[in-house]
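Going by the numbering used here, the sequence shown opens with residue 1298, and the numbers climb by one from there.
Think of the CB as a built atom: it goes at the ideal place given N, C-alpha and C, for glycine as much as any other residue.
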Amino acid sequence: MNKHYNVTVIGGGPAGLAAAISAHKNGAEVLLIEREARLGGILKQCIHDGFGLVRFSEKLSGPEYAERFIEEFKALGIEAMTLTFVTGIINNTDGFSITVVSKNGISVIESDTIVLATGCRERTAKQVFIHGTRPSGVFTAGTAQHFTNLLGQLPGKRCVILGSGDIGLIMARRLTLEGAEVLGVYEAKPAPSGLTRNLHQCLKDYNIPLYLSHTVTRVFGDDRLTAVEISEVDEKMKPLPGTEKILECDTLILSVGLIPENELAESLNVKLDPRTKGASCDAQMMTSVDGVFSCGNALHVNDLVDYVSESGEAAGRAAALYRKEVAQRINIGADNNILYLVPQRLNLNADNSKTVVYFRSREVLENCRIVLSVDGRRVFEKKYAFLRPPEMERLVLDFDEMKLNDNSRLLFEIEGG
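As structure tokens, then:
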């Protein structure tokens, strides 16, 4: 007989740990499934500090932040299956059948609800159309971080970093500290992609140059990378002919964006948001499939792990308290100045009195405001000195006091700038 759980959390990183703990505290029998041998997710290799400032008012390293949740998880006696892969999920009328493979073989788990906390993955060289051969020495930033911080192996000695995402900026500093020469960080966009604090602490403090509106268009080398071709790009990020330069190096590190990991969600026919590349959800983190919840970087790529944990807690609580009912849903609209906004809809039959809304602007804007209108009537606005796409913003709104109904039209807009 297959064992039955109220909530099954897939993914043992910061979102999954927070979801499992929250679901347990709300009375659910919980199972957490993790494909790696240890819990903690990507935080295990993030030895830099800056984690936990929002949640704990402390500067913690990634392992320190994860350990606080792992200790609580174990103290509560929550069941976990590590080195376990989910190979299939069947949506039954009364729950879900989850097929997993572990060192003990194949087994099937029955669960009333599922929380997808599967995190995100990095874009690769082929996804950003870099031409040339396939030599060794080309790494994603996360892989380079794994080599350096967990395996104690330096990826190379003369490094070029493509993309100014936060992991790339952090690795520029890390490689410099380990004795490698970082020749520069190249960014195709006209503005940096990472947090302002990382630009200062990782590049400016170490005199590492940042080249905007530049990209890598080709790699050279047979067995090992020997050089890259750098080109300037236009406003549409297309390489400009005649601007090519050859830069000798032995390592290319890619920090060109993260994509939510949603293969399992797609197998369940969960509707994905083309803006976030994650699931479209309501304020309780429930997806378009009843009983399936999403959180953390699987839902949308966050700046801070504190907000990953926050969404995990919300998803775990909602999954534990979930009861099948007819939902009364309305969509939340966002104008073109907004890169994305989460959640994408509201369930009017649920408690929406303290709804957390996350959003990013599409462009860098100054002296602007975000405005929420209901049926053309302004009900909320907040001013900002500036908004930047790399820096996610967070609002807490009481939608219940707005007296919404089936026909209400909600629209967020950014004005000014």
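Item, Value
"Going by DSSP in three states, Leu-1472 sits in which element: helix, strand or coil?", "helix"
"Tell me where the beta strand (DSSP E) around Ser-1404 begins and ends.", "1402-1413"
"Is the segment 1646-1665 touching the segment 1596-1615 in the sense that three or more CB pairs, one from each, lie closer than 8 Å?", "yes"
"Give me the residue from Ile-1458, Leu-1601, Phe-1590 with the minimum Cα distance to Glu-1568.", "A small fix is needed here, since residue 1568 is Lys in this sequence, not Glu. When only C-alpha atoms are compared, the closest one is Phe-1590."
"Give me the Cβ distance between Ile-1467 and Cys-1499, rounded to the nearest whole Å; I'm assuming they're in contact under 8 Å.", "6 Å"
"Using CA coordinates, which residue listed in Glu-1331, Gly-1481, Gly-1338, Ser-1606 is at the minimum distance from Thr-1379?", "Glu-1331"
"Keeping to the same chain, check which residues put their C-beta closer than 6 Å to that of Met-1699; ignore five residues upstream and five downstream.", "Val-1671, Val-1676"
"Let me confirm a value: Ser-1528 is counted as buried when at least 16 other C-beta atoms fall within 10 Å, else exposed. Which label applies?", "buried"
"Candidates Glu-1541, Lys-1486, Pro-1360: which alpha carbon is nearest Ser-1552's?", "Lys-1486"
"Checking the sheet assignment: what are the DSSP bridge partners for Ile-1629?", "Leu-1707"
"Rounded to a whole number of angstroms, what is the C-alpha to C-alpha distance between Gly-1593 and Val-1602?", "8 Å"
"Pop quiz: Pro-1489 and Pro-1687 are said to be a contact at Cβ under 8 Å. What is the actual Cβ separation, rounded to whole angstroms?", "7 Å"
"Return the bridge partner residues of Cys-1456 from the DSSP annotation.", "Val-1479, Thr-1548"
"Taking 8 Å as the threshold, find out whether the segment 1388-1408 comes into contact with the segment 1423-1438 through three or more Cβ pairs.", "no"
"Give me the Cβ distance between Ile-1339 and Gly-1453, rounded to the nearest whole Å; I'm assuming they're in contact under 8 Å.", "Not a contact, Cβ separation roughly 22 Å."
"Between the Cα of Pro-1571 and the Cα atoms of Pro-1432, Lys-1322, His-1597, which residue gives the shortest distance?", "His-1597"
"Kindly provide the ranges of any alpha helix (DSSP H) runs that are 4 or more residues long and lie completely inside the segment 1565-1637, ordered along the chain.", "1602-1617"
"Quick check on the burial criterion: 16 or more other C-beta atoms within 10 angstroms. Buried or exposed for Leu-1357?", "buried"
"Might you give, ordered along the chain, the residues of its own chain that have their beta carbon closer than 8 Å to the beta carbon of Arg-1455, omitting 5 neighbours on each side?", "Ala-1477, Glu-1478, Leu-1480, Glu-1545, Cys-1546, Asp-1547, Thr-1548"
"Identify every residue that forms a DSSP beta bridge with Pro-1557.", "Cys-1417"
"Tell me where the beta strand (DSSP E) around Ile-1307 begins and ends.", "1301-1307"
"Would Thr-1410 and Ala-1617 qualify as a contact pair, given that the criterion is a beta-carbon distance under 9 Å?", "yes"
"Could you give the residue range of the beta strand (DSSP E) that holds Leu-1662?", "1662-1671"
"Do Phe-1696 and Val-1668 have their C-beta atoms within less than 9 Å of each other?", "no"
"Below 8 Å on the Cβ atoms is my guess for Ala-1469 versus Val-1482; work out the distance and round it to an integer in Å.", "6 Å"
"Would you mind sorting Tyr-1302 into buried or exposed? The rule is 16 or more other CB atoms within 10 Å of its CB.", "buried"
"By DSSP, does Ser-1528 sit in helix, in strand, or in coil?", "strand"
"Taking the continuous beta strand (DSSP E) assigned at Arg-1657, which residues delimit it?", "1652-1658"
"By the three-class DSSP mapping on this structure, what secondary structure does Thr-1523 have?", "coil"
"Buried or exposed: Thr-1437, going by 16 or more other Cβ atoms within 10 Å of its Cβ?", "buried"
"Quick check on the DSSP output: the alpha helix (DSSP H) that includes His-1511 runs from which residue to which?", "Counting along the chain, His-1511 falls outside any alpha helix (DSSP H), though it belongs to the beta strand (DSSP E) covering 1511-1517."
"Across which residues does DSSP place Arg-1642 in a beta bridge pair?", "Asn-1628"
"Out of curiosity, what's the CA-to-CA distance linking Ala-1580 and Leu-1645?", "10 Å"
"Determine whether the beta carbon atoms of Leu-1328 and Ala-1377 lie at a separation below 9 Å.", "yes"
"Return helix, strand or coil for Arg-1365, following the three-state DSSP convention.", "helix"
"What are the start and end residues of the beta strand (DSSP E) that includes Leu-1694?", "1690-1694"
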